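Residue numbers (the working numbering), protein chains in the order written: chain R, 5 to 329; chain D, 5 to 329.
Structure below.
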């Protein structure tokens with residue numbers, strides 16, 4: 005890994021998407037029907053091509069968030085699908101060990117004790133060599149019927165994460181609530197919501213080693229940094245001490261002014277380079293002539309960031325947070 | 005109204021807050037127990053004092069959003085409370101006609117046809133002289149169980165708004181879902197969610213005269229303006245034509261970098277000066293020595309805004325949107 009490493013943001017490959025089609029045979033049978041060549045074909049034309057074109061060298065390869073689908077079926081379905089998805093990531097990573105390192109999803113289901121995730125969390129780290137997990141704060145898919153992330157409901161997962169020394173990317177999956185467009189609303193709102201849950205609670209007092217990555221540049225948080233500082237202050241808390249030793253924002257913000265705001269108001273130590281690749285916004289920005297999600301350009305172009313800042317964002321922070329890498 | 009006019013953002017007065025205490029007698033009795041002097045006392049020490057101190061001259065006086073409480077009780081309760089709340093605003097505005105102009109809430113309730121709002125909407129405009137309304141996109145208080153705002157479910161309200169020529173401030177009330185802190189999450193997420201509902205739908209084709217104000221600087225939208233431009237583009241839509249003839253963002257963003265981003269990426273014609281006053285974030289920012297929510301300072305201090313831009317944001321845009329003013 006050189007100067008421009010891993011997007012710790014979920015994305016997927018063509019192969020894994022196919023499982024979401026309910027007209028197909030059961031996932032257990034499908035597992036056998038994707039060859040290594042098919043995986044290579046899928047990756048060579050997408051993630052690997054974009055790595056080369058955009059100048060990144062190592063990608064943290066995680067499930068396509070929108071396909072985690074924790075609200076589809078029940079806990080048993082979630083467990084089967086999670087196993088298949090994580091196994092597929094493991095195969096991709098094994099085929100390209102210099103390009104990819106794995107992060108997995110958990111077999112969450114709405115209303116189901118997250119303790120059910122422990123065996124798969126152990127398996128993905130200890131057997132598959134993954135360096136982190138995705139954790140969905142709303143397994144209901146847009147109805148938010150499970151407890152907030154500061155609730156003891158979630159503590160079994162946090163205990164295991166700390167024991168294994170892995171961070172969690174806090175990321176919802178697709179929304180089944182018609183109010184929430186998944187990439188335009190549900191994702192960004194979940195980011196914002198979880199951050200505020202962390203502000204209003206004392207979770208990191210109980211888990212000082214716990215590490216959360218909030219994607220999409222922290223949702224609305226940096227734009228409303230004054231609001232969050234003010235709300236925290238009214239609770240006799242300071243964001244720096246209270247959450248910013250444990251929370252990291254990625255750089256999935258798809259225009260220069262947004263990245264400039266992020267890097268201006270959020271401490272550099274809390275920013276991890278990322279791009280949803282291939283992800284939510286795939287077009288070319290007519291204002292720049294480059295892809296909206298080619299986030300490396302925004303960091304490279306930032307006049308306010310020093311070389312040391314860029315090195316921290318591109319690599320050093322990520323290595324610190326993903327300490328098993 | 006001189007150069008620094010109306011915050012089109014909800015806030016309330018001490019008097020209206022008291023109704024939210026369920027240990028008090030029924031609202032109908034309470035209505036009689038607040039004297040004009042009590043109203044004056046409440047306002048002189050808060051809104052009027054802050055107007056004078058901060059240099060604004062006319063406030064669009066609307067219900068405290070968190071106290072609209074559409075998820076409390078049922079539609080009948082909502083109707084009683086709405087009438088009392090709007091009557092109280094009318095009394096405040098009548099006592100200080102040079103300082104205030106009224107905007108009212110609607111008797112929404114989760115699962116109830118919004119057509120029930122028509123009589124109160126007509127009353128507040130035609131009888132009370134109000135110039136706009138608050139419209140809650142999630143009467144459930146954080147479970148989002150009603151249809152999205154592009155659904156025909158809402159059309160009776162939109163038809164009446166257009167007929168009366170009044171805009172709506174799109175604002176949720178307090179959350180009863182423990183996942184959503186009201187001012188730190190529910191408000192900002194609702195802003196973001198409704199904007200995306202407008203992007204993905206063609207609501208303004210059906211209602212080209214409809215005007216929505218999205219508070220808190222548009223939620224997460226300006227920070228993720230590249231994402232929204234990209235998502236719209238992928239749907240063969242351009243934000244400028246598709247939504248920005250009908251949607252306005254206020255300036256309730258409580259730090260200079262946020263306001264600078266807002267005014268940089270969002271067309272000036274779509275920005276309306278506002279401050280939640282007295283509202284969500286009441287403390288003094290230790291980084292500036294001034295109140296977080298003293299938003300006039302951020303606009304005044306903006307190096308990028310011309311005098312004409314500031315005049316548009318402070319007054320001209322607001323007069324255009326609130327055309328009955």
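Each residue gets a CB set at the ideal place from its N, CA and C atoms; glycine is no exception.
Everything numeric in this text was worked out from a predicted model, so none of it was measured.
Query, Result
"Contacts around residue 120 of chain D, its chain only, beta-carbon distance under 7 Å, and the 5 residues preceding and following it disregarded", "79 and 111"
"Reference residue 217 of chain D; option with closest CA among D/307, D/321, D/204 and D/56", "D/321"
"Residue-level contact to chain R via CB, residue 305 of chain D, 7 Å cutoff", "no"
"Helix, strand or coil at residue 14 of chain R according to DSSP, with G and I counted as helix", "No answer about residue 14 of chain R holds up, because its pLDDT of 34 lies below 50 and its placement is not dependable."
"Buried/exposed call for residue 296 of chain R, threshold 16 Cβ in 10 Å", "buried"
"For residue 252 of chain D: DSSP bridge partner residues", "D/217"
"Classification of residue 25 of chain R by the beta-carbon crowding that lies within 10 angstroms, buried from 16 upward", "Caution is warranted here: a pLDDT of 47 is assigned to residue 25 of chain R, below 50, making its placement in the model unreliable, and no coordinate value can be reported."
"Proximal residues, the segment 37-54 of chain R versus chain D, C-beta separation under 8 Å", "none"
"Spatial distance of residue 47 of chain D from residue 277 of chain D (CA atoms)", "21 Å"
"Whole alpha helix (DSSP H) elements within the segment 117-175 of chain R, 4-residue minimum", "122-126 and 159-168"
"As assigned by DSSP and simplified to three states, the class of residue 203 of chain D", "helix"
"Residues of the segment 191-206 of chain R with Cβ closer than 9 Å to any Cβ of chain D, in chain order", "192, 193, 194, 195, 196, 197, 198, 199, 200, 201, 203 and 204"
"Buried versus exposed, by CB contacts within 10 Å (16 or more), residue 128 of chain D", "buried"
"Residue from D/222, D/235 and D/245 whose Cα sits closest to the Cα of residue 253 of chain D", "D/222"
"Cβ contact (3+ pairs, closer than 8 Å) linking the segment 222-237 of chain R and the segment 176-192 of chain D", "yes"
"Burial state of residue 136 of chain D (16 or more Cβ within 10 Å)", "buried"
"Status (buried if at least 16 other CB within 10 Å, exposed otherwise) for residue 245 of chain D", "exposed"
"For residue 54 of chain D, the three-state DSSP class (helix, strand or coil)", "helix"
"8 Å CB neighbourhood of residue 183 of chain R in its chain, flanking five on each side removed", "146 and 189"
"Inter-residue spacing [alpha-carbon to alpha-carbon] between residue 90 of chain R and residue 83 of chain R", "10 Å"
"Under 7 Å from the C-beta of residue 301 of chain R: neighbouring residues of chain D", "Residues of chain D passing the Cβ test: none, with the nearest at roughly 12 Å."
"Boundaries (first-last residue) of the alpha helix (DSSP H) holding residue 303 of chain D", "299-305"
"C-alpha gap between residue 58 of chain D and residue 64 of chain D, whole angstroms", "15 Å"
"Beta carbon proximity, residue 237 of chain D to chain R, threshold 7 Å", "yes"
"Simplified DSSP state of residue 6 of chain R, which is helix, strand or coil", "Unreliable positioning characterises residue 6 of chain R in this predicted model, as indicated by a pLDDT of 32, which lies under 50. A coordinate reading is not provided."
"Three-way DSSP call (helix, strand, coil) for residue 63 of chain D in this model", "strand"
"Contact set between residue 287 of chain D and chain R, taken where Cβ atoms lie within less than 8 Å", "234, 237 and 238"
"Enclosing beta strand (DSSP E) for residue 106 of chain R [first to last residue]", "104-106"
"Same chain only: Cβ atoms within 6 Å of residue 10 of chain D, ignoring 5 sequence neighbours per side", "Model confidence at residue 10 of chain D stands at a pLDDT of 36, short of 50, so the residue's coordinates are unreliable; what they give is reported in the following sentence. Around residue 10 of chain D: 62, 63, 64 and 322."
"Beta-bridge partners of residue 295 of chain D, as assigned by DSSP", "D/288"
"Interface flag, residue 265 of chain D vs chain R, CB-CB below 7 Å", "yes"
"Option nearest residue 275 of chain R by Cα separation, candidates R/326, R/159, R/239 and R/114", "R/326"
"Beta-bridge partners of residue 275 of chain D, as assigned by DSSP", "D/253"
"Simplified DSSP state of residue 69 of chain R, which is helix, strand or coil", "helix"
"Chain R contacts made by the segment 156-186 of chain D, where a contact means CB separation under 9 Å", "181, 182, 183, 184 and 185"
"Classification of residue 314 of chain D by the beta-carbon crowding that lies within 10 angstroms, buried from 16 upward", "buried"
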